[in-house]
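Number of protein chains: 2
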Amino acid sequence: YLKLRSLQRKSYTHYFYEATVGAGLPIISTLRGLLETGDHILRIEGIFSGTLSYLFNSFVGTRSFSEVVAEAKEAGYTEPDPRDDLSGTDVARKVIILARESGLKLELSDLPVRSLVPEPLKACASAEEFMKQLPQFDEELAKQRQEAEDAGEVLRYVGVVDAINKEGRVELRRYKKDHPFAQLSGSDNIIAFTTKRYKEQPLIVRGPGAGAQVTAGGIFSDILRLASYLGAPS
Amino acid sequence: YLKLRSLQRKSYTHYFYEATVGAGLPIISTLRGLLETGDHILRIEGIFSGTLSYLFNSFVGTRSFSEVVAEAKEAGYTEPDPRDDLSGTDVARKVIILARESGLKLELSDLPVRSLVPEPLKACASAEEFMKQLPQFDEELAKQRQEAEDAGEVLRYVGVVDAINKEGRVELRRYKKDHPFAQLSGSDNIIAFTTKRYKEQPLIVRGPGAGAQVTAGGIFSDILRLASYLGAPS
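Here the protein sequences line up with chains C and B, keeping their order.
So the first sequence is numbered by our numbering: it starts at 1 and just counts up by one.
So the second sequence is numbered by our numbering: it starts at 1001 and just counts up by one.
Structure representation (structure tokens):
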């Protein structure tokens, strides 16, 4: 990857990939802007999966986790096999993209990823079988939610780039109820950049981070940027 | 203004002004990106003044508005004469910038602006005199806050570009306590773009919108963009 980027720069070609994180949300361009102007990233923390955002925003009251997953699957918010979302791989990929952009040398295999697929269910032959067995494992997450609630907190499934310790991870974290991550609704993504400049209060971008229209917008925006770099009027 | 922009485009020169709204926050670039890729702005709504953000985030409990203003003045969060912040002119300027960028033909004189400077105090000779007299006018805002509170809402001082009705305004609005604007802290700016693409859930940018470092970052970012447009490697 680093070789590719170094060749790209030497050959005066361009390389854009805004829509790889948060679809049309201005994530990569914001990060590049900060870095190019001399800011230093301390931490990037975000809810990068619309599906997992929705699941934890809805995991409230007396509902069990498997119930929320079933409902989301029904509504088409998850992949046909919800294990594709619950494994955390998609979030891990986004953490790697942001970590590399921030200058860290990380590979997918370096990341500790909290999978929400119970170990015994990884081998289930079908999504149906998985959904049927999932309720048996509700207890652990219910317990974690209760512990969080007792402390005035909520659970959120986040990706973290820790630029100080040069590491990344995907985990289930607890946030105070007045934290911006605690107040999400729907399937919004949210990304917080804590930098030398934005240290006391992070720079936050929030909004729908998936869907055909907004993803196309992100890609189109890159193409127009390319056109401008190649001399188109602004 | 329109003539200037048309000349600029015809002459293949560039015109950037990211830091005019929200300092280093990606506001103008985000808006331009949406428009250039064919999205349609329906509404832009935001808290554009760090000072007024701080004042209303702190206007809670049993505190009077004049007390909060005095404290903010003491801490250096307001202009030497707080009337410069409370008049709303600064917010109105930002609404005009965003409205014009969105294609509306608006002038500052077209905007209804809610001034928080009581009419009789506009003529006060000095900031000291103004601060001394301000407590007499606490009652009205206290009443508005109480009404909002009784409805589970908070007061926020916002600028609005209403692209559907082709108008803008600066006003004191009430927001439900789970609205992103209600949960601000410190002197953060927050801007929500509701567009054809981001209709159900807006695209939101939040963070410190003033200060030497972040403003310089916004300007520097424009300069680098200019360099790229003129052929620098990316």
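For glycine and all other residues, C-beta sits at the position ideal for the given N, C-alpha and C.
- For the region 1025-1046 of chain B, residues whose beta-carbon sits nearer than 8 angstroms to a beta-carbon of chain C comprise L1025, P1026, S1029, T1030, G1033, L1034, E1036, T1037, G1038, D1039.
- In this structure the region 151-170 of chain C does not touch the region 64-75 of chain C; the number of beta carbon pairs closer than 8 angstroms is below three.
- The beta carbon of I1096 of chain B lies closer than 8 angstroms to those of L1106, E1107, L1108, L1111, G1168 in the same chain, with the five residues before and after it left out.
- Sequence-ordered contacts of the region 1151-1184 of chain B with chain C read D1178, P1180, Q1183 [C-beta pairs closer than 8 angstroms].
- In this structure, the CA atom of T215 of chain C is about 8 angstroms from the CA atom of G209 of chain C.
- Taken through DSSP and simplified to helix, strand or coil, Y157 of chain C comes out as strand.
- Chain-ordered, the chain B residues with CB closer than 9 angstroms to the CB of I204 of chain C read D1188, I1190, I1204, V1205, R1206, G1207.
- In the structure shown, V214 of chain C adopts helical secondary structure according to DSSP, grouped into three states.
- Between R1083 of chain B and V1170 of chain B, the CB-CB gap reaches or exceeds 9 angstroms.
- Residue pairing for D1162 of chain B: DSSP places it in a beta bridge opposite B:R1043, B:E1167.
- Residue-level contact check: V214 of chain C touches chain B, since one or more beta carbons of chain B fall below 9 angstroms from its beta carbon.
- Contact annotation: the region 1127-1135 of chain B does not touch the region 1005-1013 of chain B, with fewer than three C-beta pairs closer than 8 angstroms.
- Nearest in C-alpha terms to G1038 of chain B, of all of C:G38, C:I41, C:S49, C:G24, is C:G24.
- Comparing alpha carbon positions, the residue from B:Q1146, B:S1006, B:L1098 closest to P1026 of chain B is B:L1098.
- Only residues of its own chain outside the window of five on either side were considered, and among them R1100 have a CB closer than 8 angstroms to the CB of Y1001 of chain B, listed in chain order.
- Boundaries of the alpha helix (DSSP H) harbouring L52 of chain C: 50-58, taken from the DSSP string.
- Per DSSP, V1205 of chain B is one residue of the beta strand (DSSP E) stretching across 1203-1208.
- Residue burial annotation: P1120 of chain B is exposed, with fewer than 16 other C-beta atoms found within 10 angstroms of its C-beta.
- The shortest C-alpha to C-alpha distance from D85 of chain C to any of C:G103, C:A127, C:L104 is the one to C:A127.
- Here L34 of chain C carries a helix assignment [DSSP, helix/strand/coil].
- Burial of K1094 of chain B is indicated by the presence of at least 16 other C-beta atoms within 10 angstroms of its C-beta.
- Nearest C-alpha to F1193 of chain B among B:A1163, B:P1202, B:S1187: B:P1202.
- Along the region 63-88 of chain C, the beta strand (DSSP E) does not occur as any fully enclosed run of 3 or more residues.
- Around the C-beta of G1231 of chain B, fewer than 16 other C-beta atoms lie within 10 Å, and the residue is accordingly described as exposed.
- Around the C-beta of R1145 of chain B, 16 or more other C-beta atoms lie within 10 Å, and the residue is accordingly described as buried.
- Rounded to whole angstroms, the separation of the alpha carbons of L1226 of chain B and Y1015 of chain B is 9 angstroms.
- Contact of G61 of chain C with chain B is not assigned, every C-beta pair being separated by 9 angstroms or more.
- Residue environment: L4 of chain C is assigned as exposed (fewer than 16 neighbouring CB atoms within 10 Å of its CB, all protein chains considered).
- Residues of chain C with a Cβ closer than 7 angstroms to the Cβ of Q1146 of chain B do not exist; the shortest Cβ-Cβ separation is about 22 angstroms.
- For Y175 of chain C, same chain residues with a beta-carbon under 7 angstroms away, outside a window of 5 residues either side, are E153, V154, R156, F181, A182 in chain order.
- Residue environment: D150 of chain C is assigned as exposed (fewer than 16 neighbouring CB atoms within 10 Å of its CB, all protein chains considered).
- The Cβ atoms of L1184 of chain B and G33 of chain C do not sit closer than 9 angstroms to each other.
- S1049 of chain B counts as buried, since no fewer than 16 other beta carbons sit within 10 angstroms of its beta carbon.
- Nearest to I41 of chain C by alpha-carbon distance, out of C:D222, C:S58, C:R197, is C:R197.
- Counting the other Cβ atoms within 10 Å of the Cβ of T195 of chain C gives 16 or more, which makes it buried.
- Residue nearest to Y1017 of chain B within the set B:S1234, B:Y1229, B:S1221 is B:S1221 (criterion: CA-CA distance).
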